[in-house]
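These notes are about the structure you will find just below.
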Amino acid sequence: MRNQLSKEWLTIYDQLNSEGKLEAPVNYDDIFNGEELFNKKLYRLPMGAFTFTTGHIFACDPVVNLGTLENLPYFRSVEPGTYPVETLVAELGPNDYGYVLTRVLFKSTKPVRYELALIGDEDLSELTGEESFVGFSVDSALATIVDVATAEAYKKFENQWYQNNPNGNIYLDLLEEKFKQNALDNPQYQQPLGDWIIFEIPDTNLSFPMIRSGYGCGLYPVYWGIDKGGDICQIVVEYISCDTTDHQI
Numbered sequence: 003m004r005n006q007l008s009k010e011w012l013t014i015y016d017q018l019n020s021e022g023k024l025e026a027p028v029n030y031d032d033i034f035n036g037e038e039l040f041n042k043k044l045y046r047l048p049m050g051a052f053t054f055t056t057g058h059i060f061a062c063d064p065v066v067n068l069g070t071l072e073n074l075p076y077f078r079s080v081e082p083g084t085y086p087v088e089t090l091v092a093e094l095g096p097n098d099y100g101y102v103l104t105r106v107l108f109k110s111t112k113p114v115r116y117e118l119a120l121i122g123d124e125d126l127s128e129l130t131g132e133e134s135f136v137g138f139s140v141d142s143a144l145a146t147i148v149d150v151a152t153a154e155a156y157k158k159f160e161n162q163w164y165q166n167n168p169n170g171n172i173y174l175d176l177l178e179e180k181f182k183q184n185a186l187d188n189p190q191y192q193q194p195l196g197d198w199i200i201f202e203i204p205d206t207n208l209s210f211p212m213i214r215s216g217y218g219c220g221l222y223p224v225y226w227g228i229d230k231g232g233d234i235c236q237i238v239v240e241y242i243s244c245d246t247t248d249h250q251i
């Protein structure tokens, strides 16, 4: 699977890339390996390993978008495989935590730069300003990053669930209790209502995380981590801006 990219879009993409306008303003690997961000203590939360069956992946709001939209993957892809996922958590106050970043580790190599992950149909004119970026929209205060095969399996599950529960609400009737139970089972860095779950798609061997997205609803950028050999070694979802020049948690 590969998105069809127009020549016009690729021309603008190549120009912006050469100008450095697709690069992240921070080194996320340094932040993951750091102890503090904006004077807030940081913790790494391992979430397990997940199968990326095709290597064509994307991030989205799992409650609003994953089962309903014709989601397109990022135009760059990775080798299919099973890879670890971890989330960086900031301690905002006593028993108060904010989820800052989530990343998938594809290789053990160290990234030397981070490049904006794009689908190939974005309006790149939005990247002309210093403060501009593009990302995926979150309306349920939850985010995920998945392979297209996992997305298709979940879409089939959700469609069947609504056929069986025509007046139901999949979050209120199914997911909410899973979040509460996970908070009981894994209370560290979570509020009582829960901040993350690993959703196992019934009748498959596929699963994916649903993760509380920073301060909730909004637009969130995603970046590829590129190593010195030019290979993708990780992908990072940013929930809370880590740019120390203009932001505080």
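Counting from 1 along the sequence shown, just add 2 to a position and that's the residue number in the numbering used here. We put the beta carbon where it would ideally sit given N, CA and C, even for glycine.
- Task: If I'm right that Tyr-30 touches Tyr-116 with Cβ under 8 Å, what's the distance once you round it to whole angstroms?
- Result: 6 Å
- Message: Rounded to the nearest angstrom, what separates Gly-57 and Leu-74 at their Cα positions?
- Response: 13 Å
- Query: CB Cys-235 to CB Thr-55, shorter than 7 Å?
  - Reply: no
- Item | Pro-113 and Gly-227 closer than 7 Å at C-beta | The answer is yes: Cβ separation under 7 Å.
- Taking contact to mean at least 3 C-beta pairs separated by less than 8 Å, is the region 83 to 96 in contact with the region 148 to 166? No: the two stretches stay apart, fewer than three of their Cβ pairs being nearer than 8 Å.
- Within 7 Å, strictly: CB atoms of Val-91 and Leu-47: yes
- Item | CA nearest to the CA of Tyr-222, picked from Asn-207, Val-239 and Thr-206 | Val-239
- Task: Starting from Phe-54, trace the beta strand (DSSP E) both ways and give me its first and last residue.
- Result: Per DSSP, Phe-54 belongs to the beta strand (DSSP E) from 42 to 54.
- Could I get the ranges of all uninterrupted alpha helix (DSSP H) runs contained in the region 163 to 227, with 4 residues as the minimum, in chain order? Correct list: 178 to 187.
- Query: Residues in its own chain within less than 7 Å of Leu-195 by CB, not counting five upstream and five downstream?
  - Reply: Apart from sequence neighbours up to five positions away, the residues of its chain that approach Leu-195 with a beta-carbon distance below 7 Å are Phe-181, Lys-182 and Ala-185, ordered along the chain.
- Task: Could you tell me the boundaries of the alpha helix (DSSP H) in which Tyr-15 lies?
- Result: 9 to 20
- Query: Do Lys-23 and Glu-93 have their C-beta atoms closer together than 7 Å?
  - Reply: no
- Item | Nonlocal neighbours in the same chain, by C-beta distance under 7 Å from Val-140, ignoring five residues either side | Asp-63, Ser-215, Cys-219, Gly-220 and Tyr-222
- Would Phe-52 pass as a contact of Phe-210 if the rule is Cβ separation under 7 Å? yes
- What residue ranges within the region 53 to 90 form continuous alpha helix (DSSP H) runs of no fewer than 4 residues, ordered along the chain? DSSP assignment within the region 53 to 90 yields no whole alpha helix (DSSP H) run of 4 residues or more.
- Item | Beta-carbon contacts of Val-28 that lie in its chain and below 7 Å, excluding the five residues immediately before and after | Cys-244 and Asp-245
- Task: Hey, could you find the ends of the beta strand (DSSP E) Ile-33 is sitting in?
- Result: Looking at the DSSP string, Ile-33 is not in any beta strand (DSSP E); the run it does join, the alpha helix (DSSP H), is 30 to 34.
- Query: Roughly how many whole angstroms lie between the Cα atoms of Met-3 and Asn-167?
  - Reply: Caution is warranted here: a pLDDT of 49 is assigned to Met-3, below 50, making its placement in the model unreliable, and the coordinate value is therefore given only provisionally. In this model, Met-3 and Asn-167 are separated by some 33 Å (Cα to Cα).
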